[in-house]
Amino acid sequence: MRRFLLLIGDIAVLYAALITTLIVRYRGGFADQLDFHLLPFSIMFAVWILVFYISNLYELNITKNNLSFFITLFYSLIANTVISILFFYLVPFYGITPKRNLFIFLGIVLLLLNGWRRYFNKVISQKNENNNTLIIGKTEQSEELHEFLKENPQLGYRSLGILNTDDKNALGVLEDLVREQNVRTVVLCPSSYNIPKIIDVLYKLLGLGINFYSLSDFYEMTTGRIPLGAINQTWFIENLSEGNKGVYESIKRLMDVVFSILLGVVFVVFLPLVAFVIKIDSRGPVFYHQKRIGKRGSIFELIKFRTMRIDAEKSGPVWAKVGDTRVTRVGRILRRTRIDELPQLWNVLKGEMSFVGPRPERPEFHLNLKKEIPFYEERYLIKPGLTGWAQIRYRYSRSVDDTFQKLQYDLYYIKNRSIPLDLGIVLKTISEVLRSSGS
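Residue 1 is where the sequence shown starts when you use UniProt numbering, and the numbers rise one by one after that.
Given below as structure tokens:
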């Protein structure tokens with residue numbers, strides 16, 4: 001609902017800025033001018049909203065009145081300004097080239113959008129004061145959730161703290177605590193369900209209109225990932241049923257084939273240039289072939305442009321790291337822009353990969369990771385992808401801990417995957433590529 005209100009507010013601001021511009025320029029005749037300007041500006045506004053989306057301006061975890069947020073907003077407005085100029089002056093299908101109007105509009109929309117976003121961010125940060133949240137059960141995941149809510153008040157939850165179920169005194173004051181602190185949301189760790197006293201107290205409080213959540217559901221809803229420490233095999237049986245995904249998988253496969261062919265044409269055009277710069281930068285082959293694990297544990301050969309020296313793994317496979325000296329000069333550019341991933345279009349066309357899915361892991365690392373991380377093999381329930389939810393939400397894996405974090409995102413994607421989510425991930429990936437910040 002908050003995202004929807006944010007979207008509606010942005011649209012209202014854009015049209016308000018247009019109407020204000022026309023009133024300033026044409027005064028009493030603005031109504032006729034509105035008919036003339038409405039269609040082309042509406043098309044332009046649709047593009048603006050898309051740019052806002054891929055810039056993460058509809059992600060509630062960044063909607064804070066801080067420098068980082070307004071830098072993101074500023075860069076988005078710059079991108080939209082360039083797009084608007086190109087739209088009106090290079091594609092003059094609508095018979096208008098609004099030189100003065102466009103720049104008046106840009107000035108007005110900058111002021112209105114800045115004011116609206118400041119107001120929205122302030123209001124939703126304050127509203128959490130009315131949504132006191134209590135977490136019952138002290139675990140590593142509940143502590144992570146408590147800290148996350150404290151750091152992100154714009155999500156609308158004010159975490160009062162964690163009630164330790166091992167503390168008998170705390171259990172004795174549970175009902176009074178909920179009533180006196182006006183608790184509106186209660187989050188229950190798995191162990192809480194096995195304590196009859198807690199269940200009895202919460203049952204009595206049903207009439208207060210409190211929202212009750214399991215830790216795994218609430219954690220997933222607020223963070224966009226699945227808490228591995230709060231789930232068991234039953235969770236997978238209940239949430240990862242594949243029987244209702246047949247239509248989705250068919251549509252996704254069709255899209256994979258169509259877009260891998262279309263992008264493949266572009267890839268072939270640029271292949272000679274990329275191959276040339278790789279060869280003159282360092283000795284070795286243009287392409288790099290590597291065994292990876294695919295759907296249901298099948299092994300396939302992934303293809304990439306070579307970005308490392310040919311002796312990079314002479315001592316055996318190792319994790320990538322920040323400032324990896326094995327990466328060539330051209331390789332750094334190819335990685336930042338994700339151009340090195342383009343040969344994988346062949347893997348997508350063959351059906352070994354999809355555009356969106358978990359990152360395909362190397363067999364050498366898989367053997368250790370499945371021992372260290374619970375439920376690691378469940379990420380292979382679906383095809384791996386060129387990009388994915390984990391790839392856009394978390395940095396490149398450089399350790400077992402990084403992989404643990406990314407698995408939580410992978411499981412979220414496997415559970416919630418859909419065409420709209422896939423399209424959103426692709427758009428966010430495009431944003432990362434344009435900013436040369438590939439993970």
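Even glycine gets a Cβ: it sits at the ideal position worked out from N, Cα and C.
The structure presented is a predicted model; accordingly, all values stated were derived computationally and were not measured.
The continuous alpha helix (DSSP H) containing Ile425 extends over residues 419-434. Contact holds between the region 108-120 and the region 2-18, because three or more Cβ pairs, one in each stretch, are under 8 Å apart.
Where Phe70 is concerned, the enclosing alpha helix (DSSP H) starts and stops at 67-90. With contacts defined by Cβ atoms closer than 8 Å, Ile104 and Val183 do not form a contacting pair.
Taking the CA atoms as reference points, Asn121 sits about 14 Å from Asn56. For Ser192, there is no enclosing alpha helix (DSSP H), as DSSP gives it neither H nor E.
Classified as exposed, Asp32 has fewer than 16 neighbouring CB atoms from the shown chains inside 10 Å of its CB. Relative to the Cα of Met1, the nearest Cα in the group Met221, Tyr376, Asn194, Lys415 belongs to Met221. Per the coordinates, the alpha-carbon of Tyr53 lies some 35 Å from the alpha-carbon of Thr234.
Shown here for Ile85: same chain residues with a beta carbon closer than 8 Å to its own, the five before and five after excluded, namely Leu102 in chain order. Contact between Tyr213 and Val187 holds, since their C-beta atoms are separated by about 5 Å, short of 8 Å. Restricted to the region 220-264, the alpha helix (DSSP H) segments that are unbroken, complete and at least 4 residues in length are 233-239, listed in chain order. According to DSSP, Gly161 shares a beta bridge with Leu134. Of all C-beta pairs linking the region 391-405 to the region 361-376, three or more are shorter than 8 Å, placing the two stretches in contact. The residues Phe305, Thr307, Asp340, in chain order, have a CB closer than 7 Å to that of Leu334 in the same chain once the five nearest residues on each side in sequence are set aside.
Pairing Ile198 with Leu171, the inter-Cα distance amounts to about 7 Å.
Val356 is classed as buried because its beta carbon has at least 16 other beta carbons within 10 Å across all chains shown.
In its chain, beyond the 5 residues on either side, Tyr219 have a beta carbon closer than 6 Å to the beta carbon of Leu145.
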